[in-house]
Amino acid sequence: IRTLQESLDNEGSDDLIEKQVKEVEGQLFTASQMFPGDSYLLESEAALAKLLSDHERALTALAKAFDANPRNGYIALRLAQIHESRGEMAKAKNVLEKGLGANAADKRLHFAFARLLMQSPGTTGDELIYHLRRSFTDGDSNYDAQLLYARQLFIKGDLEVSRQVFDKLSKAPL
Numbered sequence: 001i002r003t004l005q006e007s008l009d010n011e012g013s014d015d016l017i018e019k020q021v022k023e024v025e026g027q028l029f030t031a032s033q034m035f036p037g038d039s040y041l042l043e044s045e046a047a048l049a050k051l052l053s054d055h056e057r058a059l060t061a062l063a064k065a066f067d068a069n070p071r072n073g074y075i076a077l078r079l080a081q082i083h084e085s086r087g088e089m090a091k092a093k094n095v096l097e098k099g100l101g102a103n104a105a106d107k108r109l110h111f112a113f114a115r116l117l118m119q120s121p122g123t124t125g126d127e128l129i130y131h132l133r134r135s136f137t138d139g140d141s142n143y144d145a146q147l148l149y150a151r152q153l154f155i156k157g158d159l160e161v162s163r164q165v166f167d168k169l170s171k172a173p174l
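Everything in the sequence shown is counted per my numbering, starting at 1 for the first residue and increasing by one.
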């Protein structure tokens, strides 16, 4: 994050900034899967979000990188988060939709899109279930997505499937 800060402050190239953002995002994502809820990781995530939202150059570089390659999930996620933090929900939704259109198998994009939909009025339960189910695979450690998926199934009234997911989560090694 410090290296990225230096690149932003010292007029580093857009390609360098894109590379550094991808690297930091990858490290934070991997670490948060291994140590969910770790306070240091949450603090680092917040520092990265603040750094990127405070620098207009970062937003410009991310937008260019995303336009050039919408398949890059890290860039799509971060760009959507910046738009969301600025209250630009329609832009965040467009970024995530375009990212999912280019890379429909990206679990992180499905989860981010589902979380955004949860904040949007008029979202159907089936749409949430669709994206939440595609945000994890059976046996992975994305427990947040699994919990929200089971919750949404329960709300919909699909009690048997929600119970099965909740039972699996109750046995998760946390």
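All C-beta atoms, glycine included, are put in the ideal place defined by N, C-alpha and C.
The model shown is predicted, which means the values in this text are computed figures rather than measured ones.
In this structure, DSSP gives D138 a state outside helix and strand, which the three-state scheme calls coil.
Considering only A49, F29 and E18, the residue with the shortest C-alpha distance to D67 is E18. Pairing R133 with Y143 gives a Cβ-Cβ distance that is not under 9 angstroms.
Classified as exposed, L159 has fewer than 16 neighbouring CB atoms from the shown chains inside 10 Å of its CB.
Closest in C-alpha terms to I82, from the list T124, S120, V21 and S13, comes V21. In this model, D140 and D14 are separated by some 34 angstroms (Cα to Cα). In this structure, L51 places its C-beta atom within 9 angstroms of the C-beta atom of Q5.
Counted as a single uninterrupted DSSP element, the alpha helix (DSSP H) harbouring R2 occupies residues R2 to D9. In this structure, DSSP gives R57 a helical state, which the three-state scheme calls helix. As the crow flies, the alpha-carbon of I129 is around 17 angstroms from that of L96. In this structure, Y74 lies away from E43, with their beta-carbon atoms at least 9 angstroms apart.
Looking at the backbone, the Cα of H110 and that of G99 are separated by about 10 angstroms. Here the C-alpha atom of A65 lies approximately 10 angstroms from the C-alpha atom of L59.
Per DSSP, the unbroken alpha helix (DSSP H) holding G73 starts and ends at G73 to S85.
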